[in-house]
Amino acid sequence: MTFDSEWAALRAESTQRVNMRLNSTPAEPAGSSGPASADLAVNQDDLGAVGHEAYELRTRLSKDGDHARPTTFDAAIALTNGNFVSGSGLLKVHDRWNTHLRTLLDACAQISNHLNYTKSSQQQEDVRIGGDLISVSKLNAYLK
């Protein structure tokens, strides 16, 4: 078999496998309850717990991540004043650490705030949808 014919056969087989995957639905995982299991489910407690953990991580990180900053800065200034080249390098490390620490603190705050907002907006949306369903049922009562 030549390379070209083998390559064509492999491409055809690959295309057939891709088409089979695209034209079928995946098998239901064990323990799933059918189509209803694919619906979006938001657990308020889970959102609150993850948001709280992100908040606690930010609190601990802001304290522990800043622990070495003052001494590192003092050491960098002392080395620079003593005409050591490593002083400017240590100051760059200090500045880079502060930049990354602030970025990480902001990310933790965004996660916490976003999950708190999601939890709150999901509750409001559930109340709104419940109100819409009640009004629909009232309309059905009038039509009967």
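Start counting at 1 in the sequence shown, then tack on 15, and there's your number in this note's numbering. For each residue, glycine too, the CB sits at the ideal point set by N, CA and C.
- Taking 8 Å as the cut-off, the beta carbon of S127 is found closer than this to the beta carbon of A69.
- Secondary structure note for T87: its alpha helix (DSSP H) is the uninterrupted segment R84 to N96.
- Under the three-state reduction of DSSP, D121 is assigned to helix.
- DSSP places D110 in the helix class (H, G or I) of the three-state scheme.
- A straight-line Cα-Cα distance of about 6 Å links K134 and L62.
- By the 16-neighbour rule on beta-carbons within 10 angstroms, G97 is exposed.
- Taking a C-beta distance under 8 Å as the contact criterion, Q139 and Q59 do not qualify as a contact pair.
- In this model, H109 and H129 are separated by some 30 Å (Cα to Cα).
- The C-beta separation of L120 from R73 comes to about 6 Å, placing the pair in contact by the 8 Å criterion.
- The alpha carbon of H67 has as its nearest neighbour, out of R143, Q125 and D141, the alpha carbon of Q125.
- The Cβ atoms of A83 and L105 do not sit closer than 8 Å to each other.
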